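Residue 13 is where the sequence shown starts when you use the UniProt record's numbering, and the numbers rise one by one after that.
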Amino acid sequence: PLRTIQKDLLSLASVPRESVQALLLLAARLKDMQRRGKPHAWLAGRTIGLLFQKASTRTRVSFEVGMNQLGGQALFLPIGDIQLSRGESIADTARVLSRYLDGLVIRTYDQTIVEEWAREATVPVINGLTDLHHPCQALSDLLTIQEKKGRLKALRLAYVGDGNNMTNSLIEAAVKVGMSVSCGCPKGYQPDSTVVEQARQEAAKTGSAIELSDDPEVAVKDADIVYTDVWISMGQEREQARRLKAFSDYQVNERLMKRARPDAIVMHCLPAHRGEEISAKVLDGPQSVVLDQAENRLHMQKAILVELVRPLGRAQT
Ligand code: CP
Ligand code: NVA
Numbered sequence: 013p014l015r016t017i018q019k020d021l022l023s024l025a026s027v028p029r030e031s032v033q034a035l036l037l038l039a040a041r042l043k044d045m046q047r048r049g050k051p052h053a054w055l056a057g058r059t060i061g062l063l064f065q066k067a068s069t070r071t072r073v074s075f076e077v078g079m080n081q082l083g084g085q086a087l088f089l090p091i092g093d094i095q096l097s098r099g100e101s102i103a104d105t106a107r108v109l110s111r112y113l114d115g116l117v118i119r120t121y122d123q124t125i126v127e128e129w130a131r132e133a134t135v136p137v138i139n140g141l142t143d144l145h146h147p148c149q150a151l152s153d154l155l156t157i158q159e160k161k162g163r164l165k166a167l168r169l170a171y172v173g174d175g176n177n178m179t180n181s182l183i184e185a186a187v188k189v190g191m192s193v194s195c196g197c198p199k200g201y202q203p204d205s206t207v208v209e210q211a212r213q214e215a216a217k218t219g220s221a222i223e224l225s226d227d228p229e230v231a232v233k234d235a236d237i238v239y240t241d242v243w244i245s246m247g248q249e250r251e252q253a254r255r256l257k258a259f260s261d262y263q264v265n266e267r268l269m270k271r272a273r274p275d276a277i278v279m280h281c282l283p284a285h286r287g288e289e290i291s292a293k294v295l296d297g298p299q300s301v302v303l304d305q306a307e308n309r310l311h312m313q314k315a316i317l318v319e320l321v322r323p324l325g326r327a328q329t
């Protein structure tokens, strides 16, 4: 399992290709077991903590329900409710919580904060979204794409809009499985340059490509998957006016979809803003797979937990 290679899941760049494949297989197996009502209480007696500094619907509920279905428990610990908000350090909090809990899911702002949690905690730390990455979402999106397209290799994913945490993690995920990514993002809103540079090195090995453009029509041409996300991410509320202007020509709508392959699927991690990054017609239309995408968060979270959290009776090292 992944935990023999690394303790934490902070981003996908460091995750070996074989581990991504293993997670996809395990998630599909867990989904099938849950559908058929087969018990899989593999983490009985284990408890994880969810330390969230930003709002969440899907990530929180899928981790809580997932842990429950695995026979364990999850504690929701909003940062504002614990002593951390009154000045207790991350180091002290992480060390103390490691004495009670078997894993931590952190949703926060800067990537360096989740890295600090991982350094200080002796239990696995999972990135539940930072400003730079959203690895759990990108992994579950691979599962959705595989289900819908029957494969991952050599597919073309077009990402339109803000080159944000979602874009960075999708790029890192895609190159692990030989999928190409073509971004159509305005100048100044391209995905993280370090992420792109590293991913291009990996892409050279898996035979895929990362293309950047500021033209959504170029990005979407012949795409198998058209992906978008909000223009204003959590924490960027003050930039609203500037962002709405910068992205006004970057909406995923029926006109843009004509450029993609006729059998292309439309993806969005949600929450969505109909009429901004995506038209209601496309989001709610026949090409959209957003609800399956949301469901697959559950199955992939369970796979991640099984891979990283030690089952009861296995000593911590
Ligand atoms: N897609 C996603 O992470 O949703 P939440 O913010 O609701 O967790
Ligand atoms: N880019 C969005 C994703 C939300 C799941 C944000 O960071 O707010």
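Every residue gets a Cβ at the ideal spot worked out from N, C-alpha and C, and that includes glycine.
Computed from a prediction, not measured in an experiment: that's the story for all the values here.
- The C-alpha of L256 is placed about 17 Å away from the C-alpha of D227.
- Contact annotation, I94 with T105: C-beta distance approximately 7 Å; criterion of less than 8 Å satisfied.
- Contact annotation: H145 and L24 have beta-carbon atoms nearer than 9 Å.
- When the Cα atoms are used, M191 and A221 turn out to be separated by approximately 8 Å.
- Not one heavy atom of ligand 1 sits closer than 8 Å to the Cβ of L42.
- I237 and M312 have their alpha carbons spaced roughly 20 Å apart.
- In this model, S101 and S245 are separated by some 26 Å (Cα to Cα).
- DSSP, read as helix, strand or coil, puts G219 in coil.
- In terms of side-chain proximity, the C-beta atom of N176 is found nearer than 8 Å to a non-hydrogen atom of ligand 2.
- The count of Cβ pairs closer than 8 Å, one atom from the segment 268-282 and one from the segment 201-210, stays below three, leaving the stretches out of contact.
- If only complete runs of 4 or more residues are kept, the segment 94-136 shows the alpha helix (DSSP H) at 102-112, 123-132, in order along the chain.
- Scanning T124, N139, L155 for the CA closest to the CA of V302 turns up L155.
- Around the beta-carbon of A166, fewer than 16 other beta-carbon atoms lie within 10 Å, marking it exposed.
- The alpha-carbon of G83 is positioned some 4 Å away from that of A53.
- Assigned with DSSP and collapsed to three states, L155 falls in helix.
- Secondary structure remark: continuous beta strand (DSSP E) runs of at least 3 residues inside the segment 188-251, in chain order: 192-196, 222-225, 237-240.
- Counting along the chain, L169 sits inside the beta strand (DSSP E) bounded by residues 168-172.
- Each residue's CA atom was taken as its position, placing R58 and L324 some 7 Å apart.
- At a cut-off of 8 Å, the beta-carbon of Q158 does not count as near ligand 1: no heavy atom of the ligand is closer than that.
- The residue from I157, L320, Y121 with its alpha-carbon nearest to that of A306 is I157.
- Set against 8 Å, the gap from the CB of C148 to the closest heavy atom of ligand 2 is not smaller.
- A heavy atom of ligand 1 is found nearer than 8 Å to the CB of L141.
- When the five nearest sequence neighbours on each side are left out, the beta carbons in the same chain lying within less than 6 Å of the beta carbon of Q202 are those of G175, L224, in order along the chain.
- Within the DSSP bridge table, the entry for G61 names L87, L116 as partners.
- Across the structure, D204 and N139 are spaced so that their CA atoms are roughly 17 Å apart.
- DSSP, reduced to helix, strand and coil, places N176 outside both helices and strands of the structure shown, so it counts as coil.
- Beta bridge pairing from DSSP links L14 with no other residue.
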